[in-house]
Amino acid sequence: MKKHFHLNIVIQIIILLRSTGSVRVLNNASGRIVGGEATTIDKADFMVSIRVSGKFICGGSLVTNEYVITAAHCVKGFSPSSLTVVGGVTKLSETGLRRGVTKIILPKDYNQRTFHRDAAVLKLSGKMDGNNIGTIELCNKTWQLGDYVQVYGWGQVSENIRSSSNVLRTVTVPLVSRKKCISMYRKEATITQSMFCAGNSEGKDSCAGDSGGPAIFEEQLCGIVSWGVGCARPEYPGVYTSIKTVKGFINKAMALERAKGALDSNKSPDIMRRRLRS
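Spelled out as structure tokens, the structure:
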């Protein structure tokens, strides 16, 4: 009993750290919608929430009805069976459509310290189809300085309020040049080739709990909310995983799982029986 009690405490601490975004290498970093507005799931029907033991930890995006893209730091260390994905809801308190997770796939070169290639593919236990549930295409767009990305999430609405928003929120933030972002973070962390930055001095940003959620450009999934220092601090823009840098990994992971599924179905007892009869 005592072991189970201690294990439950550890799980609760992990959930708290991940949902508040304080599970970061940087002392003041957050998993990072501040300065945005409430929205509804029909505006972002690809958006899902990821739960552990019923508690919200991160956002994610449906790219097919069986696969979700999120941040690696959201799910690393968890077993697939401990995760639940909920879709079709504007409010976290709503029931929605729920699916388990059968596989968590991370890039082999994901770096937990620097958040390099901070991406994960979740294979769902069943297809997610229903009202207010859709999918989003992986990024093939080219942007330039001056363009904006739209971010969605149930994260904190303020750096100082340590609880998730019950209602889905969205914010639009401008891209920050790579050179400028590297300079802004030079004393804190490394901006690797898998990352891009977005944010401004108008008090708008993603925040803790938004981790794993989407950054949308021209109706395509072009980024994953990854990390940052604080929330909506003018000197520290939000940092995102660039989908283009992990797109090959994502497509390969899904293709391999589909191939395994096809192989398993060919080995099913029913098919074997039919072959024996023929």
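Residue numbers (mature numbering (1 follows the signal peptide of the UniProt record, and there is no 0)): -22 to -1, 1 to 256. Note that CB positions come from ideal geometry on N, CA and C, so glycine has one too.
Exposed unless 16 or more other CB atoms sit within 10 angstroms - verdict on residue i
i: glutamine 122; result: exposed
i: serine 39; result: buried
i: asparagine 44; result: Per the sequence presented here, residue 44 reads as glutamate, with asparagine not at that position. Result: buried.
i: threonine 73; result: exposed
i: threonine 120; result: exposed
i: glycine 124; result: exposed
i: alanine 233; result: exposed
i: glycine 177; result: buried
i: isoleucine 220; result: Residue identity differs from the one stated: residue 220 is serine in this sequence, not isoleucine. The residue in question, serine 220, is buried, as its Cβ has 16 or more Cβ neighbours within 10 Å.
i: aspartate 20; result: exposed
i: serine 143; result: buried
i: glycine 133; result: buried
i: glycine 55; result: exposed
i: serine 57; result: exposed
i: serine 59; result: exposed
i: asparagine 138; result: Only weak support exists for where asparagine 138 lies, its pLDDT of 49 falling under 50; the value from the coordinates is given anyway. Exposed, because fewer than 16 other Cβ atoms sit within 10 Å of the Cβ of asparagine 138.
Sequence-distant residues of the same chain with beta carbon closer than 7 Å to residue i, five excluded per side
i: glutamate 235; result: Lys81 and Lys101
i: valine 224; result: Pro85, Arg95, Ala97 and Ser172
i: glutamate 213; result: Met162
Which listed residue (the options) has its alpha carbon closest to that of residue i
i: valine 63; options: Asn118, Ser27 and Glu44; result: Ser27
i: glycine 206; options: Gly78, Ile47 and Lys165; result: Lys165
i: arginine 91; options: Gly104, Ala50 and Gly124; result: Ala50
i: glycine 226; options: Pro192, Ala97, Gly37 and Ala22; result: Ala97
i: valine 53; options: Glu197, Val30, Glu115 and Asp188; result: Val30
i: glutamine 198; options: Met25, Ile160, Glu15 and Thr18; result: Met25
i: lysine 222; options: Val145, Gly201 and Pro215; result: Gly201
i: valine 99; options: Val41, Pro215, Ser189 and Ile160; result: Val41
i: proline 152; options: Lys69, Thr170 and Ala193; result: Ala193
i: glycine 191; options: Leu146, Tyr126 and Thr170; result: Leu146
i: isoleucine 228; options: Val129, Ile83, Gly37 and Asn118; result: Ile83
Residue i versus residue j: straight-line alpha-carbon distance, rounded
i: glycine 131; j: threonine 150; result: 12 Å
i: isoleucine 47; j: arginine 76; result: 16 Å
i: residue 272; j: leucine 241; result: The structure shown does not extend to residue 272, since the chain is modelled only from -22 to 256, so the question has no answer here.
i: valine 79; j: alanine 167; result: 32 Å
i: threonine 158; j: glycine 104; result: Position check: residue 158 holds lysine in this sequence, whereas threonine was assumed. Computed Cα separation, rounded: 43 Å.
i: glycine 108; j: alanine 22; result: 14 Å
i: valine 154; j: isoleucine 35; result: 27 Å
i: lysine 230; j: alanine 237; result: 10 Å
i: isoleucine 160; j: glycine 239; result: 42 Å
i: threonine 170; j: proline 215; result: 15 Å
i: glutamate 115; j: valine 127; result: 15 Å
i: leucine 70; j: threonine 18; result: 12 Å
i: asparagine 118; j: glutamate 196; result: 10 Å
i: arginine 156; j: threonine 68; result: 33 Å
i: valine 129; j: methionine 106; result: 22 Å
i: glycine 37; j: serine 189; result: 6 Å
Cβ neighbours of residue i in the same chain (closer than 6 Å, five flanking residues each side left out)
i: valine 217; result: Met173, Cys175, Ser204, Trp205 and Gly206
i: tyrosine 88; result: Ala50 and Arg95
i: phenylalanine 93; result: Ser204 and Trp205
i: alanine 16; result: Val145 and Arg147
i: asparagine 110; result: Ile19, Asp20, Asp23 and Gly66
Contacting residues, own chain, Cβ-Cβ under 8 Å from residue i (five flanking each side not counted)
i: residue 260; result: Outside the displayed span of the chain (-22 to 256) sits residue 260, for which this structure offers no information.
i: leucine 61; result: Ile28, Arg29, Val30, Val53, Gly78, Val79, Ile82 and Leu100
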